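All residue numbers for the sequence shown refer to full-length UniProt numbering, where the first residue is 1 and numbers rise by one.
Following: one structure in structure tokens, then a few remarks.
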Amino acid sequence: MGYSTYKKLTALDPVPADIEIAQAADVIDVRKIASAIGLSEDLLEPYGKYKAKVNLSVLDELADRENGKLIVIGGISPTPLGEGKSTTTVGVSQAIGAHLGKKVFTCVRQPSQGPTFGIKGGAAGGGFSQVIPMEEFNLHLTGDIHAISAAHNLLCAALETRMFHESTQSDQALFRRLCPPAADGSRRFAPVMFRRLKKLGIETTDPNELTEDEISRFVRLDIDPYSIKLQRVVDVNDRFLRKVTVGLNPTEKGRMRDTGFDITVASEIMAILALTTGIKDMRERLGRIIVGFSSRGDPVTADDLGVGGALTVLMKDAIMPNLMQTLEGTPVFVHAGPFANIAHGNSSVVADQIAMKIVGPDGYVLTEAGFGADIGLEKFCNIKCRSSGMKPSAAILVATVRALKSHGGGPAVSAGTPLPVEYSQENVEMVENGFANLERHIKNTIGFGVPVVVCINRFKNDTDREIETVVRLSKAAGAFDAVPAEHFSKGGAGAKALAEAVVRACEAEAGFKLLYPDEMGLEDKIRKLSCDFYGAGDVELSVMDKQFNTEARTCLTSPKPYSVMCHLFGLRMRRRPRLSSTTS
Numbered sequence: 001m002g003y004s005t006y007k008k009l010t011a012l013d014p015v016p017a018d019i020e021i022a023q024a025a026d027v028i029d030v031r032k033i034a035s036a037i038g039l040s041e042d043l044l045e046p047y048g049k050y051k052a053k054v055n056l057s058v059l060d061e062l063a064d065r066e067n068g069k070l071i072v073i074g075g076i077s078p079t080p081l082g083e084g085k086s087t088t089t090v091g092v093s094q095a096i097g098a099h100l101g102k103k104v105f106t107c108v109r110q111p112s113q114g115p116t117f118g119i120k121g122g123a124a125g126g127g128f129s130q131v132i133p134m135e136e137f138n139l140h141l142t143g144d145i146h147a148i149s150a151a152h153n154l155l156c157a158a159l160e161t162r163m164f165h166e167s168t169q170s171d172q173a174l175f176r177r178l179c180p181p182a183a184d185g186s187r188r189f190a191p192v193m194f195r196r197l198k199k200l201g202i203e204t205t206d207p208n209e210l211t212e213d214e215i216s217r218f219v220r221l222d223i224d225p226y227s228i229k230l231q232r233v234v235d236v237n238d239r240f241l242r243k244v245t246v247g248l249n250p251t252e253k254g255r256m257r258d259t260g261f262d263i264t265v266a267s268e269i270m271a272i273l274a275l276t277t278g279i280k281d282m283r284e285r286l287g288r289i290i291v292g293f294s295s296r297g298d299p300v301t302a303d304d305l306g307v308g309g310a311l312t313v314l315m316k317d318a319i320m321p322n323l324m325q326t327l328e329g330t331p332v333f334v335h336a337g338p339f340a341n342i343a344h345g346n347s348s349v350v351a352d353q354i355a356m357k358i359v360g361p362d363g364y365v366l367t368e369a370g371f372g373a374d375i376g377l378e379k380f381c382n383i384k385c386r387s388s389g390m391k392p393s394a395a396i397l398v399a400t401v402r403a404l405k406s407h408g409g410g411p412a413v414s415a416g417t418p419l420p421v422e423y424s425q426e427n428v429e430m431v432e433n434g435f436a437n438l439e440r441h442i443k444n445t446i447g448f449g450v451p452v453v454v455c456i457n458r459f460k461n462d463t464d465r466e467i468e469t470v471v472r473l474s475k476a477a478g479a480f481d482a483v484p485a486e487h488f489s490k491g492g493a494g495a496k497a498l499a500e501a502v503v504r505a506c507e508a509e510a511g512f513k514l515l516y517p518d519e520m521g522l523e524d525k526i527r528k529l530s531c532d533f534y535g536a537g538d539v540e541l542s543v544m545d546k547q548f549n550t551e552a553r554t555c556l557t558s559p560k561p562y563s564v565m566c567h568l569f570g571l572r573m574r575r576r577p578r579l580s581s582t583t584s
């Protein structure tokens, strides 16, 4: 049985604008959504009527319940217009819930205001497959991104301030600032300072027992300003902040430095939010953030600056996932939004974990991986699943005839300009030529040991012959099934056949496996990923890459998953034989 909040909508033809559909929707009070899925009000922290944070203590309450089946949604290498992956995620959720009557939960990333106000737009889905209220989803939500901005910029401020004081004060003056003497002359270490003392190999609990040499080592981080990669962040597109000079005020005594601003969701704190499993784990991860290196080449961390705890306090509410709903009343968690090309591009681990406990063994959790499957889905498996222990039961790969034509020799597709006429005319040969891209994604995903269902997100100009070609080639490439869907124009009803195929795929025997073992060396991991996944012949490290490898070995004392930075469009196969495996 599904949840009592499910409802079937009435689709309109032609499809109204997304905002019109969202604003005309009958939005259910978030407390009713929570009650329907079995959450008590004491687990909720409502933000208005239609969104609420869910306390992580629900994991303790449901610890004995078996997990639901986890389904990851990836996609073909997209055109700049996107191929409807978020829309498909919502559409399949509505189909499994409102049309198949099963328990379902959807987990998606929170969008940044930068892309929202840019040419990409929001990320709530589209047409009759949306997360609502759409405006609240796309703008602010519950302030998680603002919390990340505050925490990240606090770290930057602490870094600059520490460098300033070290350059203007003696060891004893710095020591007085860090461990001020009481009236009786006694001093105390703040709890966070014991982390630095341990790192330095200094064993004492009394600051007055430090030698002059130990005081100097303790108070001076001796940060090399040229090693600093950390920049301040802001969650809007403000091109004039990309490069700035700080320290121009006379009180900074001429200590100027060139730096800049990044977009907030590119912060390492966003990646930490998405990977953490709890408040204690988040505290440790935040404290390990490396802000730069000392002149001796030692990594300098947030805990060395003494702000790991402060960052955690600023993030204590952001760690809780945000509960919302789809147009057809299925529950949604919106939480975290790291980019896939620089981080791992997936929503939070805790959102998936809570959702799987809520739906139980008979339910389904849909979690979207950002960008194409070559980036987001790969990192979902090799990073998110590796660090959390989660195992997907099936994968959905979203493809469009438009994207296949683009990979098969079609003219360039540009956002904000009319689509070339070739994309509105039948061309089976172009679809066949472009299928090399989708084929590689299918085989890569199957390599993780999960059944793959191809969703052909159908547009009005797609012909039956083109759709049938994609279905035939997908099955021949090893897909469990390939199903056209029209969830944009019809909501869950348009994805019912797709949902049925996904449910069947979840019942198939899956043997999830990772691409490489934890203990494999960094260079070997890069080579394994590049050759086995992206189709490279071999990998040669540049001088810069080798320097990074050395720094990574210095910073990491145990095997860790790595996030390889990828080009925006990742795997590309334009105008090449169908079985080609080239990358750019």
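Glycine residues also receive a C-beta, built at the ideal position from the N, C-alpha and C atoms.
Please read these numbers as outputs of a predicted model, since none were measured by experiment.
Please list, in chain order, all residues of the same chain as residue i whose beta carbon is under 6 Å from its beta carbon, the five residues on each side excluded.
{"i": "Tyr-6", "result": "Gly-97, Ala-98 and Gly-329"}
{"i": "Ala-123", "result": "Ser-86 and Pro-111"}
{"i": "Gln-113", "result": "Asp-235 and Val-236"}
{"i": "Lys-391", "result": "Phe-512"}
Just the C-alpha distance for residue i and residue j, rounded to the nearest angstrom, thanks.
{"i": "Pro-411", "j": "Ile-76", "result": "17 Å"}
{"i": "Leu-197", "j": "Ile-263", "result": "34 Å"}
{"i": "Arg-176", "j": "Arg-217", "result": "14 Å"}
{"i": "Gln-94", "j": "Leu-327", "result": "8 Å"}
{"i": "residue 601", "j": "Arg-255", "result": "Residue 601 is absent from the model: the chain starts at 1 and stops at 584."}
{"i": "Lys-475", "j": "Leu-200", "result": "58 Å"}
{"i": "Glu-378", "j": "Gly-370", "result": "10 Å"}
{"i": "residue 589", "j": "Asp-26", "result": "Limits of the chain in this structure are 1 at one end and 584 at the other, which puts residue 589 out of reach."}
{"i": "Arg-578", "j": "Arg-440", "result": "Residue placement at Arg-578 is poorly supported in this model, since its pLDDT is 40, which falls under 50; the coordinates are not used for a value here."}
{"i": "Leu-154", "j": "Ile-396", "result": "40 Å"}
{"i": "Glu-20", "j": "Leu-81", "result": "21 Å"}
{"i": "Val-300", "j": "Val-30", "result": "43 Å"}
{"i": "Asp-222", "j": "Val-350", "result": "37 Å"}
{"i": "Thr-168", "j": "Pro-250", "result": "14 Å"}
{"i": "Gln-172", "j": "Thr-204", "result": "18 Å"}
{"i": "Asn-437", "j": "Ile-202", "result": "56 Å"}
{"i": "Ala-24", "j": "Ala-415", "result": "28 Å"}
{"i": "Tyr-47", "j": "Val-265", "result": "22 Å"}
{"i": "Val-108", "j": "Val-539", "result": "34 Å"}
Let me check one thing: in DSSP terms, what residues is residue i bridge-paired to?
{"i": "Asp-262", "result": "Val-233"}
{"i": "Cys-156", "result": "Cys-156 pairs with nothing; no bridge assigned."}
{"i": "Pro-331", "result": "Gln-325"}
{"i": "Phe-293", "result": "Pro-299"}
{"i": "Glu-45", "result": "Lys-53"}
{"i": "Lys-69", "result": "Tyr-364"}
{"i": "Asn-457", "result": "Ala-485"}
{"i": "Leu-397", "result": "Gly-74 and Val-454"}
{"i": "residue 593", "result": "Absent from the structure is residue 593, since the part of the chain shown begins at 1 and ends at 584."}
{"i": "Ile-96", "result": "According to DSSP, which records beta bridges pairwise, Ile-96 is partnered with nothing at all."}
{"i": "Ile-446", "result": "Per DSSP, none; premise fails for Ile-446."}
Which residues in the same chain as residue i place their Cβ atom closer than 8 Å to its Cβ, once the five residues preceding and following it in sequence are excluded?
{"i": "Ser-424", "result": "Asn-461"}
{"i": "Gly-101", "result": "Met-1, Gly-2 and Tyr-6"}
{"i": "Gly-74", "result": "Lys-85, Ala-369, Gly-372, Ala-373, Gly-376, Leu-377, Phe-380, Ala-395, Ile-396, Leu-397, Val-398, His-441 and Thr-445"}
{"i": "Thr-10", "result": "none"}
Give every residue of the same chain whose Cβ lies closer than 7 Å to the Cβ of residue i, excluding the five residues on either side of it in the sequence, and list them in chain order.
{"i": "Gly-38", "result": "Ile-358"}
{"i": "Lys-406", "result": "The sequence given here places Ser at residue 406; Lys does not occur at that position. Cβ neighbours of Ser-406 beyond the five flanking positions: Thr-79, Val-413 and Gly-434."}
{"i": "Glu-268", "result": "Ile-289"}
{"i": "Leu-59", "result": "Gln-353, Ile-354 and Lys-357"}
{"i": "Val-90", "result": "Thr-106, Gly-125, Ser-129, Gln-130, Val-131 and Thr-326"}
{"i": "Ser-558", "result": "With a pLDDT of only 47 at Ser-558, under 50, the local geometry of the prediction cannot be trusted, and no value is derived from it."}
Anyone know if the C-beta pair for residue i and residue j falls short of 8 Å?
{"i": "Gly-287", "j": "Asp-224", "result": "no"}
{"i": "Cys-506", "j": "Ala-394", "result": "yes"}
{"i": "Gly-409", "j": "Val-431", "result": "no"}
{"i": "Lys-305", "j": "Leu-159", "result": "The sequence given here places Leu at residue 305; Lys does not occur at that position. Yes, Cβ-Cβ distance for Leu-305 and Leu-159 is below 8 Å."}
{"i": "Val-54", "j": "Met-320", "result": "yes"}
{"i": "Ile-33", "j": "Pro-331", "result": "yes"}
{"i": "Leu-273", "j": "Ala-318", "result": "yes"}
{"i": "Ser-489", "j": "Gly-127", "result": "yes"}
{"i": "Ala-485", "j": "Arg-458", "result": "yes"}
{"i": "Lys-452", "j": "Ala-479", "result": "Reading off the sequence, residue 452 comes out as Val, not Lys. Yes, they are a contact pair."}
{"i": "Thr-211", "j": "Gln-231", "result": "no"}
{"i": "Arg-51", "j": "Met-324", "result": "Note on identity: in this sequence residue 51 is Lys, with Arg being the wrong assignment. Contact flag set, yes."}
{"i": "Glu-426", "j": "Thr-463", "result": "yes"}
Kindly examine the ligand NAD and report whether one of its heavy atoms sits closer than 7 Å to the Cβ of residue i.
{"i": "Val-265", "result": "The ligand NAD is not part of this structure, which contains no ligands at all."}
Ignoring anything shorter than 3 residues, give me the beta strand (DSSP E) runs that lie fully in the region 334 to 383, in order along the chain.
364 to 368
What are the complete beta strand (DSSP E) segments, minimum 3 residues, inside the region 99 to 175?
104 to 108 and 129 to 132
If you scan the region 238 to 287 from start to end, which runs of the alpha helix (DSSP H) of 4 or more residues do you find wholly inside it?
268 to 275 and 279 to 287
Which ranges does the alpha helix (DSSP H) cover as unbroken runs of at least 4 residues, wholly within the region 500 to 550, from first to last along the chain?
522 to 528
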